[in-house]
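Novice: Take this structure, written in structure tokens, and hold onto it; I'll ask about it next.
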Amino acid sequence: MSGEEDGGMVAAMERLIIEGGRSLEGSVEVHGAKNAALPLLAGTVLSAGDCVFDGVPQLVDVAVMLEILEQLGAQVRREGGTLTIAGGNVDRGEVSEGLVRRMRSSIFLMGPLLARLGRVVLSYPGGCAIGPRPIDLHLAGLAAMGARIHEDHGYIHARADRLVGAAIHLDFPSVGATENLMMAASLAHGTTWIRNAAREPELVDLANFLNAMGARVQGAGSDCVRVEGVRELGGVRHRPIPDRIEAGTLMAAAAITGGEVCLYRVRPEHLTAVTSKLREAGAAVEEAGDGLRLRGPDRPRATNLRTLPYPGFPTDLQPQMVALLSLAEGTSLVTENIFENRFGHVEELRRMGAQLATEGRGLTVQGVERLSGARVVATDLRSGAALVLAGLAAQGRTVVEGVDHVDRGYQALEETLARLGARIRRERLG
Ligand code: EPZ
């Protein structure tokens, strides 16, 4: 996957050209959250009615998920900012291998399809640029609910006449496993408890969506989620929560350029770990309603960082923070606790003059006074964002290749940044 879903997708060769050294100024609205939208879209498979969404971000990963839903038999309609999914006709329990390869999040369909159709065949989603990313917790949870699962030639086959409620303890608070099991349990017979559940806001958004369809999910956002199964779920209208990772990326962009930026349509309470780290790094952050204002420091201060499940500091913002800390006064220690291999940005940032040393899951960032523009390659979604940020602050021109990774999770990032005064443009090759 690209940070996220690094499939074998062949995108047009595109790159971003950045002339660095300009402070970001101004205000922008944050888009709907990718990591809320993907499970929400998968959840439409559970509904016998129409699901109408406002504000779903226009991202490559969302487009792939819509293609999968159509392949399963759903009708998908986009009109202006509204997206309607009629899942009433979903009758295929099989997603083609090509689509699973293009997006790892297709695993989210496993629980809903099994609950709705009683059968599912999915090719095994492989590892990705940020680590091996197993799905054992998803499968063990579904098996505890009565699914009969076997693997054959890289495909997972699962069957269940009707899933039954179960008490499930997750070894790790996996976001995707909690979401998958929550969806499956919504149509199961009886009550399911998911303990050591993930607590991410995107999962709470999914629970609210399911409950609006008629599900009975309680406790989402705590480490114990209780789901009482119902026979059928109906239609719903829903707007995904604002993207806290896009917001955090833009905050880091303002901070690294010493600029001043206002973000609208954010939920500051989802960003407290980020806000607090940015303040430690010397930024001034003010919260007001659904807005955030950040003023960057003249030079960032070093600070240590450990990624953790929510409400800890998000792994999806670690690379962007590393870009910022590369320019800090002093030495920072960064520990990546969620993914095994989320340091794809390190080597590329070094090309720009950053002084970084990795050891296992730890990274030492020895701050330098300046970065210089270079030709760099994004290997996954968030490392791509980190390189863009470094390019905004660097002296001279930076060329970021591998932009298809960035497009999976940011809607026209260069347009958002250009609106804030960045000199950045996309170049299509060939
Ligand atoms: C979600 O991935 C996000 N994706 C990721 O967003 C995010 O980085 C991650 O949560 C952590 O916050 C979506 O929401 C679509 P996990 P997910 O299951 O659900 C291990 C981005 O950049 N694990 O919480 O796949 C796993 O290997 C991205 O937008 C198992 O061991 O994450 C990892 O080390 C990328 N077995 C850890 O748990 C399992 O069955 C956390 O993974 C499942 C997970």
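Its first residue numbered 14, the sequence shown is counted upward by one per residue in the working numbering.
Heads up, the beta-carbon is just placed ideally off N, CA and C, and yes, glycines get one too.
Treat the numbers as computed from the prediction; the structure is a model and nothing was measured.
Measuring only the C-alpha atoms, how far is ALA336 from ARG129?
Specialist: The alpha-carbon atoms of ALA336 and ARG129 are separated by roughly 44 Å.
Novice: Can you name the start and end residues of the beta strand (DSSP E) that GLN84 belongs to?
Specialist: Premise fails: GLN84 lies in the alpha helix (DSSP H), 73–85, not in any beta strand (DSSP E).
Novice: Can you say whether MET1 is buried or exposed, counting buried as having 16 or more other CB atoms within 10 angstroms of its CB?
Specialist: One cannot answer for residue 1 here, as it falls past the ends of the chain, which runs 14 to 443.
Novice: Is LEU376 helix, strand or coil when you go by DSSP?
Specialist: strand
Novice: Out of curiosity, what's the CA-to-CA distance linking GLU164 and VAL177?
Specialist: 22 Å
Novice: Who are the near neighbours of SER6 in its chain, counting only those whose CB is closer than 6 Å to its CB and skipping five residues on each side?
Specialist: Residue 6 is absent from the model: the chain starts at 14 and stops at 443.
Novice: Using C-beta distances below 6 Å, list every residue in its chain close to ARG306, excluding the 5 sequence neighbours before and after it, in chain order.
Specialist: CYS275 and GLU299
Novice: Whose C-beta lies closer than 7 Å to the C-beta of THR371 among residues of the same chain, with five residues either side of it excluded?
Specialist: PHE356 and VAL359
Novice: Hey, could you find the ends of the alpha helix (DSSP H) HIS151 is sitting in?
Specialist: 149–157
Novice: Going along the chain, which residues of its own chain have a beta-carbon closer than 6 Å to the beta-carbon of VAL412, five neighbours each way excluded?
Specialist: ARG28, ILE30 and ARG388
Novice: Below 8 Å, is the gap between the Cβ of PRO214 and the nearest heavy atom of the ligand EPZ?
Specialist: No.
Novice: Is it buried or exposed, CYS64, if we count other Cβ atoms within 10 angstroms and call 16 or more buried?
Specialist: buried
Novice: Tell me whether HIS182 sits in a helix, a strand or coil according to DSSP, three-state version.
Specialist: strand
Novice: What are the start and end residues of the alpha helix (DSSP H) that includes ASP165?
Specialist: Run containing ASP165: none in the alpha helix (DSSP H); it sits in the beta strand (DSSP E), 161–165.
Novice: Could you tell me the alpha carbon to alpha carbon distance between GLY289 and LEU152, rounded to whole angstroms?
Specialist: Note that residue 289 is Ser in the sequence shown here, rather than Gly. Between SER289 and LEU152, the C-alpha separation is close to 36 Å.
Novice: Could you give the DSSP three-state label for GLY111: helix, strand or coil?
Specialist: helix
Novice: Starting from the Cα of ARG161, find the closest Cα among ARG132, ILE148 and ILE181 and give me that residue.
Specialist: ARG132
Novice: Tell me the start and end of each unbroken beta strand (DSSP E) in the stretch 396–428 that is at least 3 residues and wholly inside, in chain order.
Specialist: 410–414
Novice: Take PHE222 and list the residues in its own chain whose beta-carbon comes closer than 7 Å to its own, dropping the five residues that flank it on each side.
Specialist: LEU53, GLY56, VAL249 and HIS251
Novice: Does the ligand EPZ have even one heavy atom less than 8 Å from the beta-carbon of ARG278?
Specialist: Within the chosen limit of 8 Å, the ligand EPZ does not reach the beta carbon of ARG278 with any heavy atom.
Novice: Is THR348 a contact residue of the ligand EPZ, with contact defined as CB to any heavy atom under 8 Å?
Specialist: no
Novice: Please list, in chain order, all residues of the same chain as VAL77 whose beta carbon is under 6 Å from its beta carbon, the five residues on each side excluded.
Specialist: ARG115 and MET116
Novice: Contact check, ALA197 vs PRO310 under 8 Å by CB: the rounded distance?
Specialist: Contact doesn't hold; Cβ gap of about 47 Å is too wide.
Novice: Quick one: does the C-beta of GLY422 sit closer than 8 Å to a heavy atom of the ligand EPZ?
Specialist: yes
Novice: Distance, Cα to Cα, LYS47 vs ILE254?
Specialist: 9 Å
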